[in-house]
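Reading through the structure tokens given below for one structure.
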Amino acid sequence: MNIETFNKPAPPNFRGLHPDLPLRTYHRHLPHWRQEGATYAVTFRQADSIPQTHLQALKHWRAIWEQQHPEPRTEIEWKQFAQEITNKTERWIDEGYGSCVFRESKFSRMMSDSLLHFQNQRHFTSCFVVMPNHVHAVMRPMSSFELEDCLQRIKQYVSTHVNKNLKQEGTLWEEESYDRIVRDEDHLWKVVQYIGRNPKKAGIPVAQWVRWIHPDWQAAGWDFHDD
Numbered sequence: 544m545n546i547e548t549f550n551k552p553a554p555p556n557f558r559g560l561h562p563d564l565p566l567r568t569y570h571r572h573l574p575h576w577r578q579e580g581a582t583y584a585v586t587f588r589q590a591d592s593i594p595q596t597h598l599q600a601l602k603h604w605r606a607i608w609e610q611q612h613p614e615p616r617t618e619i620e621w622k623q624f625a626q627e628i629t630n631k632t633e634r635w636i637d638e639g640y641g642s643c644v645f646r647e648s649k650f651s652r653m654m655s656d657s658l659l660h661f662q663n664q665r666h667f668t669s670c671f672v673v674m675p676n677h678v679h680a681v682m683r684p685m686s687s688f689e690l691e692d693c694l695q696r697i698k699q700y701v702s703t704h705v706n707k708n709l710k711q712e713g714t715l716w717e718e719e720s721y722d723r724i725v726r727d728e729d730h731l732w733k734v735v736q737y738i739g740r741n742p743k744k745a746g747i748p749v750a751q752w753v754r755w756i757h758p759d760w761q762a763a764g765w766d767f768h769d770d
């Protein structure tokens, strides 16, 4: 890791968690935090990317966690829960389970194009990696747009065209995405490097993934480091 990076200014169009601005929180299967103008680290996956046995184990683990952490739950408890879920599921999706449609270059290019289609209109996408069965990205919704809406449009477009191309029906994506507000530059650096190194860590051949980082970020010294 290049320590000098942390002494450089924040990259363009990045804003971390602001201590003086309000936070909105809501819960589905996962907790989600929202703050106007913030940048998010996002992961979304194919619906078949985790085996049912793993999902059942996760359901059992959650039931135990809920018993051990009764309502009302604190913000710290929810954050620890979200981190544990993320750690478990990201290990599993890296195993390459499911149909893995994005192994095909035509679909990974489609996914990449979709992530950038509304660039600077609905959102600012600063970097991403398209893996065989999931996507990691750093995104900042533009003013008046919600992260959920941006992701929904991206996923819906890709799902429609993948299903049409494969002459299939059904749900391509797991409905709920994993997201968290990037706290600061130090956190951002760790997220960017995780995204950049994810294919190598998962042992995925070069032909089966695509990654991208904004040229303005590269120019500012914020880039993927593979060593």
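Sequential numbering of the sequence shown, starting at 544, is according to this note's numbering. Glycine included, every Cβ here is placed at the ideal spot set by N, Cα and C.
Supposed contact pair residue j and residue i - C-beta distance, whole angstroms, cut 8 Å
i      : j      : result
PHE645 : MET674 : 7 Å
PHE767 : LYS698 : At roughly 24 Å, the Cβ-Cβ gap does not stay under 8 Å, so PHE767 and LYS698 are not in contact.
TRP760 : PRO555 : 7 Å
VAL753 : SER655 : 5 Å
LYS551 : ALA750 : Not quite, the Cβ-Cβ distance comes to about 33 Å (not below 8 Å), so this is no contact.
GLN578 : HIS561 : 6 Å
VAL672 : PRO742 : 6 Å
GLU598 : LYS631 : With the sequence shown as reference, residue 598 is identified as Leu, and Glu is not the correct amino acid for it. The pair is not a contact, with the Cβ atoms about 11 Å apart (cut-off 8 Å).
Proximity of residue i and residue j at Cβ, strictly below 7 Å
i      : j      : result
SER657 : VAL705 : no
ARG616 : GLY580 : no
TYR583 : ASP722 : yes
CYS693 : HIS666 : yes
ILE593 : CYS670 : no
GLN677 : ILE636 : Before going further, note that residue 677 is His rather than Gln in the sequence given. Against a cut-off of 7 Å, the Cβ pair of ILE636 and HIS677 comes out as a contact.
ASP591 : GLY639 : no
TRP576 : LEU564 : no
HIS612 : GLU620 : yes
Counterpart residues of residue i in DSSP-defined beta bridges
i      : result
ILE724 : TYR583
SER670 : Checking the sequence, you will find Cys at residue 670 rather than Ser. Beta-bridge pairing links CYS670 to VAL681 and ILE756.
TRP716 : GLN589
GLN664 : Partner(s): none; GLN664 has no beta bridge.
Restricting to runs no shorter than 3 residues, where is the beta strand (DSSP E) found entirely within the stretch 731-762?
753-756
- prompt: Are the stretch 677-689 and the stretch 611-630 touching by the rule of at least three beta carbon pairs closer than 8 Å?
  reply: no
Q) Is it true that the stretch 728-746 meets the stretch 712-719, where meeting means three or more beta-carbon pairs spaced less than 8 Å apart? A) no
- Please specify which runs of the beta strand (DSSP E), each continuous and at least 3 residues long, are wholly inside the stretch 553-637, giving them in chain order. 567-570, 574-577 and 583-588
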